[in-house]
Amino acid sequence: MEETSRNFIEQFIAEDTAPGGRFEGRQVHTRFPPEPNGYLHIGHCKALIIDFGTAERFGGICNLRMDDTNPAKEDAEYVDAIKEDIHWLGFDWGDRFFYGSDYFEQTYEYAEELIKKGLAYVCELTPEQFREYRGDVSTPARSPWRDRPVEENLDLFRRMRAGEFPDNKYTLRAKIDLASGNFNMRDPVIYRIRHFEHHRQGSKWCIYPMYDFAHPIQDALEGITHSLCSLEFEAHRPLYDWVVNNVSVPNRPRQIEFARLGINYTVMSKRKLRKLVEEGYVSGWDDPRMPTLCGLRRRGYTAHAIRSFCERIGVAKVPNTVEYALLESCLRDDLNQHAQRAMAVLRPLKLTIVNYPEGKSELIEIENNPNEPESGKRLVSFSRNLYIEREDFMEHRAPKYKRLCPGEEGESCGLECRLKGAYLVRCAGFVKDENGEVVEVLCEYDPESRGGDPADGR
19 MEETSRNFIE
29 QFIAEDTAPG
39 GRFEGRQVHT
49 RFPPEPNGYL
59 HIGHCKALII
69 DFGTAERFGG
79 ICNLRMDDTN
89 PAKEDAEYVD
99 AIKEDIHWLG
109 FDWGDRFFYG
119 SDYFEQTYEY
129 AEELIKKGLA
139 YVCELTPEQF
149 REYRGDVSTP
159 ARSPWRDRPV
169 EENLDLFRRM
179 RAGEFPDNKY
189 TLRAKIDLAS
199 GNFNMRDPVI
209 YRIRHFEHHR
219 QGSKWCIYPM
229 YDFAHPIQDA
239 LEGITHSLCS
249 LEFEAHRPLY
259 DWVVNNVSVP
269 NRPRQIEFAR
279 LGINYTVMSK
289 RKLRKLVEEG
299 YVSGWDDPRM
309 PTLCGLRRRG
319 YTAHAIRSFC
329 ERIGVAKVPN
339 TVEYALLESC
349 LRDDLNQHAQ
359 RAMAVLRPLK
369 LTIVNYPEGK
379 SELIEIENNP
389 NEPESGKRLV
399 SFSRNLYIER
409 EDFMEHRAPK
419 YKRLCPGEEG
429 ESCGLECRLK
439 GAYLVRCAGF
449 VKDENGEVVE
459 VLCEYDPESR
469 GGDPADGR
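Put into structure tokens, the structure is as follows:
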């Protein structure tokens, strides 16, 4: 990779893997961690392509991990759909498919490790009290349970796991800095009680780790070198680093943030898209009006067009919104280059070649795609009676009009035009119905002009 072509993420990775860097000699290892609570949409594509594409460019690997730590919203249907969409885009995770719930036991053990180190405690504040005790920019947060003895914390945490308490009765909080200017570091909750049936674990667990605690541990256990995520996690990076630095994980990844993709006039919220589906405004997640990948696929978008779109907008640190027209332009470019051509007449007007033998027909070869000769040719039937678009004939010639029309005064025929892949023809007349509407165009053809320039060079 040329250094001048690197975006800022690739610059960081190049520095990390260079001699003396924090990952010198390591294979670049990224991950894409979608939450299986909905279908992937166009906004996810940027993250997906950055995660998989960056690993590819550095000769590395990328894991696919389902972030299923929230039992209330996840479903196996979404897991299958996510995998299908990623494969459709042309990426593959090999044998590196994981679930966040695969690490529940290890995550729990790391939570106990923090308790034993005096770096976590069980808190009894209700959600309302938690907000009250949170403090503000000039006032530190508080918790009357912060100095609870280690043995008592361990006992309560184990009883939380055993299911002895109702939802929200207790939480486990990391003991960091109640006066931090970054509110994410003010003793954040890292475990909560949720009596929900998990889509994979069933009722085995009734306590679940918070994303900010589970995610860095999962990255570390999978050997991730670079955890690439969207910009809203920038303020969470100190907590990410605190977690991997204070538990005995075998690896300490680096988190790097980038700006999310925004497209004008396009809903990018899974919550809002789910509402459209559940309330019947659309026929499903794959409704062609939806910005989901399966919806775009049904609308006719290609994987190459979507990847090209994400490559064109690039990778930036500053949020921005791009025009939907750019996505459409990428599709047009891709279809123009690769799509097989077809002909259709939407407003038909009969065309009769008066000097073509009656009863005769022939097959004309037409390229499937002039930009892609290897796509081959197709055969189209040609005969005396054909149909053209009504807009391809004009009774009274307008300035700069280059299609079929009668000859002007003193001309026996009008302008000469070529029928696609076939012969040159001229309009020799037309027929109208009783309402004065043209219903048939009469033409003469040049039998020596088939499929190419005529001998006289005209």
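Numbering of the sequence shown is given in my numbering, commencing with residue 19 and proceeding in unit increments.
Note that the Cβ used here is the ideal one computed from N, Cα and C, for glycine as well.
Since this is a predicted model, take the numbers as computed values, not measurements.
Asked	Found
Just reading off the beta strand (DSSP E) that VAL262 is part of, what are its end residues?	Premise fails: VAL262 lies in the alpha helix (DSSP H), 255-264, not in any beta strand (DSSP E).
With distances taken Cα to Cα, identify the nearest neighbour of TYR209 among ILE225, LEU196, GLY220.	ILE225
From the DSSP output, which residues share a beta bridge with GLN273?	SER245
Give the single residue among ARG292, ARG270, ASN264, LEU246 whose Cα lies nearest to the Cα of ARG278.	LEU246
Drop a sphere of 10 angstroms on the beta-carbon of LEU58, count the other beta-carbons inside from all chains shown, and report buried for 16 or more, exposed for fewer.	buried
Count the other C-beta atoms from every protein chain shown that fall within 10 angstroms of the C-beta of SER401, then say buried if there are 16 or more, exposed otherwise.	exposed
So TYR139 and ARG166 are supposed to be a Cβ contact under 8 Å. How far apart are they, rounded?	5 Å
Would you mind sorting MET84 into buried or exposed? The rule is 16 or more other CB atoms within 10 Å of its CB.	buried
Distance check for ARG255 and GLN273, CA to CA, integer angstroms please.	7 Å
Would you check if there are 3 or more beta carbon pairs closer than 8 Å linking the stretch 344-364 to the stretch 385-399?	yes
Quick one, are the C-beta atoms of CYS63 and CYS328 less than 7 Å apart?	yes
Determine the direct distance from the alpha carbon of LEU291 to that of ASP305, and round the result to whole angstroms.	11 Å
Assign ARG17 to one of three DSSP states: helix, strand, or coil.	In the structure as shown, the chain starts at 19 and stops at 476, and residue 17 therefore has no counterpart that could be examined.
Nearest CA to the CA of SER287: which residue from TRP260, SER379, GLU53, ARG24?	GLU53
Taking the alpha-carbon of LEU143 as reference, which of VAL207, GLU170, LEU294 has the nearest alpha-carbon?	VAL207
Can we say the stretch 177-189 touches the stretch 210-223, given the rule of at least three CB pairs closer than 8 Å?	yes
Could you pull out every unbroken beta strand (DSSP E) segment of at least 3 residues lying fully inside the stretch 278-309, listed in chain order?	279-281
Quick one: grab the DSSP three-state call for GLY71.	helix
Touching or not, the stretch 72-92 and the stretch 106-124, by the rule of three or more beta carbon pairs under 8 Å?	yes
Considering only C-alpha positions, which residue in the set ARG160, GLU130, GLU182 is nearest to ASN171?	GLU130
Can you tell me where the alpha helix (DSSP H) holding GLU455 begins and where it ends?	Element bounds for GLU455: n/a, residue is neither H nor E.
Starting from PHE116, trace the beta strand (DSSP E) in both directions and tell me its first and last residue.	115-117
Suppose the cutoff is 6 Å on Cβ atoms and the five residues either side in sequence are ignored; what does the same chain contact list for LEU345 look like?	PHE327
Sorted by chain position, which residues of the same chain lie with C-beta nearer than 6 Å to TYR258's C-beta, five sequence neighbours on each side aside?	PRO234, GLN273
At which residues does the beta strand (DSSP E) containing ALA446 begin and terminate?	442-450
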